[in-house]
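For what it's worth, my numbering labels the leading residue of the sequence shown as 19, then goes sequentially.
Here a beta-carbon is modelled for each residue, glycine too, at the ideal position from N, C-alpha and C.
Everything on this sheet refers to the single structure shown next.
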Amino acid sequence: MWYEILPGLGLMVGLITVSGAANYYLQKFRHGGKLERDIRSRFDWHLKKRDEKLAGQFYNVKGLEWLPEKSP
């Protein structure tokens, strides 16, 4: 009958949910509480490199006060 698929479906949904949650918490632990950023385009890559140069780590973003002042 149709209900015979429910245990297998429940097992698959449970395993997918557990793996997604584990990935979320492992990334937060690995990066000091911040989630890993996605790099989907060349512009995102350049922003990552800029943040890495200014802050030392691309996932630890600093504000405008960390940018060097330009001398006139």
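query: Are I57 and K66 close, meaning C-beta to C-beta below 8 Å?; result: yes
query: Just how far apart, CA to CA, sit Q75 and R68?; result: 10 Å
query: I need the straight-line Cα distance from T35 to L27, nearest angstrom please.; result: 12 Å
query: Terminal residues of the continuous alpha helix (DSSP H) containing R60?; result: R60 to A73
query: Helix, strand or coil for I34? Go by DSSP, reduced to three states.; result: helix
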